[in-house]
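S.K.:
Protein chains in written order, with this note's numbering: chain C, 2 to 133; chain P, 14 to 743.
#1: Mapping DSSP to helix, strand and coil, what is residue 317 of chain P?
#2: Of all the options P:93, P:111 and P:50, which has the alpha carbon lying nearest to the alpha carbon of residue 37 of chain P?
#3: Give the residues of chain P in contact with residue 85 of chain C, contact being defined as C-beta atoms less than 9 Å apart.
#4: Taking 8 Å as the threshold, find out whether the segment 672 to 688 of chain P comes into contact with the segment 306 to 314 of chain P through three or more Cβ pairs.
#5: Just confirm the distance between the C-beta atoms of residue 547 of chain P and residue 467 of chain P, as a whole number of angstroms; I'd bet it's less than 8 Å.
#6: Put residue 472 of chain P into one of helix, strand or coil per three-state DSSP.
#7: Closer than 8 Å, Cβ to Cβ, to anything on chain P: give me those residues from the segment 31 to 62 of chain C, in chain order.
#8: Assuming residue 563 of chain P contacts residue 690 of chain P (C-beta within less than 8 Å), just tell me the rounded distance between them.
#9: Against chain C, does residue 251 of chain P count as a neighbour if the rule is that its beta carbon must be under 9 Å from one of theirs?
#10: Would you kindly report the start and end of the unbroken alpha helix (DSSP H) that includes residue 248 of chain P?
#11: Does the beta carbon of residue 8 of chain C sit closer than 9 Å to a beta carbon anywhere in chain P?
#12: Any C-beta of chain P within less than 7 Å: which residues of the segment 85 to 117 of chain C qualify?
#13: Would you mind sorting residue 746 of chain P into buried or exposed? The rule is 16 or more other CB atoms within 10 Å of its CB.
#14: Which word fits residue 341 of chain P, buried or exposed, when buried means at least 16 other C-beta atoms lie within 10 angstroms of its C-beta?
#15: Is there at least one Cβ from chain P nearer than 9 Å to residue 82 of chain C's Cβ?
#16: Report yes or no: is there a C-beta of chain C within less than 9 Å of the C-beta of residue 119 of chain P?
#17: Output needed in chain order: residues of the segment 56 to 71 of chain P with a Cβ under 9 Å from some Cβ in chain C.
#18: Does the beta-carbon of residue 332 of chain P have 16 or more other beta-carbons within 10 angstroms, so that it is buried, or is it exposed?
#19: Specify the secondary structure class of residue 489 of chain P as computed by DSSP and reduced to three states.
#20: Indicate whether the contact test is met: 3 or more Cβ pairs, each with one atom in the segment 182 to 195 of chain P and one in the segment 244 to 254 of chain P, closer than 8 Å.
#21: Under 8 Å by Cβ, that's how I've got residue 469 of chain P and residue 545 of chain P pegged, so tell me the actual separation to the nearest angstrom.
#22: So what's residue 15 of chain C in DSSP terms, helix, strand or just coil?
#23: Can you name the residues that DSSP bridges to residue 402 of chain P?
#24: Can you name the residues that DSSP bridges to residue 463 of chain P?
#25: Under a three-way DSSP split, which group does residue 666 of chain P fall into?
#26: For residue 567 of chain P, does the count of other Cβ atoms within 10 angstroms reach 16, so buried, or fall short, so exposed?
#27: DSSP state of residue 110 of chain C, grouped into three classes?
#28: Take residue 31 of chain P as the anchor and find which of P:108, P:124, P:169 and P:43 has the nearest alpha-carbon.
#29: Under the DSSP definition of a beta bridge, which residues are partnered with residue 187 of chain P?
#30: State the DSSP-derived secondary structure class of residue 444 of chain P, mapped to helix, strand or coil.
#31: Hey, does residue 1 of chain C have any beta-carbon neighbour from chain P nearer than 9 Å?
#32: If we ignore side chains and look at the alpha-carbon of each, how far apart do residue 636 of chain P and residue 390 of chain P end up?
#33: Looking only at C-alpha atoms, which of P:465, P:495 and P:456 sits nearest to residue 474 of chain P?
#34: For residue 73 of chain P and chain B, any beta-carbon pair shorter than 9 Å?
#35: How about residue 27 of chain C: is its C-beta nearer than 9 Å to some C-beta of chain P?
#36: Could you list which residues in chain C have their beta carbon closer than 9 Å to that of residue 167 of chain P, in chain order?
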């Protein structure tokens, strides 16, 4: 089954990086969509179902943390695995993200292998929980 | 990751990093300027911080370790500045500028994959560590306010800082709740943010899925401002939204009660927080609220409408003329004339107002040039004092954009090659600090920009030698050229300025491109240089490109336009005897020889699909316009519906154009009259078509090309962009 992924990040380079890392692993069968701002994510999320959302914490306007309650309170995405990525190994932001409902938190810099590993774990967790 | 994906991501990184660093440099100049005037700009400091922060993250991801390290060092400094732990002063600014240059340097190295490029990050770190920490406020102001913990829990550390400093600056923070349609949510929010610009700051957006309406999202904005709630409401322009101020906790009966709706919020908070910055007074923010930011596209549209009104006016004038010729009702004629004059006057006012709205001060450009000067001078260890005058002079937005590259080119050239090194200047007994002047001033309908350096100057004998060696001119041609004429040779293609300035051959910056770009704007560039004393470039530009009076004509069935400012007169071809001199067609005009150019052939207009043909699409239908002193054709000629006559046999017209002291006759089939037209720049893919400066829409979807008079003269008289098919003619 293909993995439907939404990447929300304001950096073109970061989206390109995450997309390349995911698409490069044939086992994931990733189908990647991109949102280049929190605004765009608000438009896309209520309309489409994803198997994974990769969310940048530090974005202008709507930040990643603000999107978590929004995602979690919607029926469609209440259980969707949510991976936060951040420039900051900020303990405060990390704790907040996880307590707001994110599943994992990855601090930059990370390698494409680390990213893919973490996504594998997320899928395994979701499968255990009887999710997608 | 595969190689190509890796390369793509890397290229994205470099492009993004470059953008960040450029924005950084601009912001630093703004901060430097503000600092000189005793102002602090917290939002700009935040922007700089954010830029460096993003850069750090990206550089880490893409393994540009030195960039990441440098960013880390500066992020710490900026964080301290942002929180007021370190005061902003000249020394700090110098450090920040050095940081920005360090990024430039490392990025340039990364671009060339040159691993040897490095910056002394450790040295900078030591200097930053040595900065004296200022007094920081310890008390957390957030605890003084009644803020929903649900809001606080989703703010990033950064947004929390912004919220804190908003309170500290005595601004009122509002929660603004509204529902937005899903389809347009991104544009609605971007629009809201845009409207707030200069009036209020949107600190955060908190979306929730709990909207009762399907296909809508409820969202809450956190907005900080000094303006009254009424004014804020007006700015937000969403009467459906709910605006709630975040109140100060009532711990103390002495604290003044806040009455936000009555507009007292800012005043009472100022009282409560006396450490408010003196630089930002409410008055200046109020006046900002009077400024409306408009998308340039809307102005272009308005301009088009005005252009169409202009062509209606022409028809109106004609109608009145016909009435005068055919009617005996004097009262009716009088009335029609009166209305026509009124219409004309008001149209003129509308036209100049619209043009005025499009004007931007040249300071927008000069600020960027200042960054370049500062950076180049530092890179090369030269000391350059930049003196800018007349930055308030205004030009059309379009011209400001198009002139940026040519100006940049000239500035680079001057600093790279023109200005001597410190040692050399000392040897020559010149002031150690070089003086670079940029001056702008209006002259009639034009704006003049002068760029003057006090460097080496250009040696005419070197120009002569180089021109011959490079085959730009023959020995014979340069023989009788005056030093002034020789200066103009610098603008020829294939010429290197560096060679003539320094005598060293190398990569020359093409001044021909500079000249072409300026000509395309209908401007001119002149150069004056004194050996050992310096060089001055004088650029003359039209104030506006947007509306020009143009002569419309037809050749081989295509309608084209040319600016009337370049047109001296128009003649009936058949009235003059055609001769051939040295293979060139000429005619004798009042005792002088006028070289001719057949436009249709120049542009390769035939039945085949030439470049202009593709651009013209439906422009082959004739345009019925009339009026204007340049037109010599009689009404019968203009309004006849015969197919165009080929001019080969001597029928048709000659449009005499003059640019500077050069004249040329353009042979065309038919004159269609004068009209004010709105010029639009050509798309990127077509902008390289020589001899065409733009296109215009005559109001009925028909695109008409606008001929570039200076370029046509260059081509016809000097063969600048000679084509094989034109070999014998031009």
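From the three backbone atoms N, C-alpha and C, an ideal C-beta is built for every residue, glycine too.
M.R.: From the atom records:
#1: helix
#2: P:111
#3: Ordered by position in chain P, no residue passes the 9 Å Cβ test against residue 85 of chain C, which lies about 11 Å from the chain.
#4: no
#5: 4 Å
#6: coil
#7: 38, 39, 40, 41, 43, 44, 47, 48, 58, 59, 61 and 62
#8: 5 Å
#9: no
#10: 242 to 249
#11: no
#12: 88, 91, 93, 94, 97, 101, 109, 110 and 113
#13: There is no way to answer for residue 746 of chain P, as the model of chain P reaches only from 14 to 743.
#14: exposed
#15: no
#16: no
#17: 63, 66, 67, 69, 70 and 71
#18: exposed
#19: helix
#20: yes
#21: 7 Å
#22: helix
#23: P:452
#24: P:452 and P:551
#25: strand
#26: buried
#27: coil
#28: P:124
#29: P:236 and P:258
#30: coil
#31: Past the boundaries of the shown model lies residue 1 of chain C; chain C is included only from 2 to 133, so the question cannot be answered.
#32: Reliability fails at residue 636 of chain P, whose pLDDT of 32 lies under 50, so the model's placement of it is uncertain and the value that follows must be treated cautiously. Computed Cα separation, rounded: 54 Å.
#33: P:495
#34: The structure shown has no chain B; the protein chains it does contain are C and P.
#35: no
#36: 64, 66, 67, 68, 69, 70, 97 and 101
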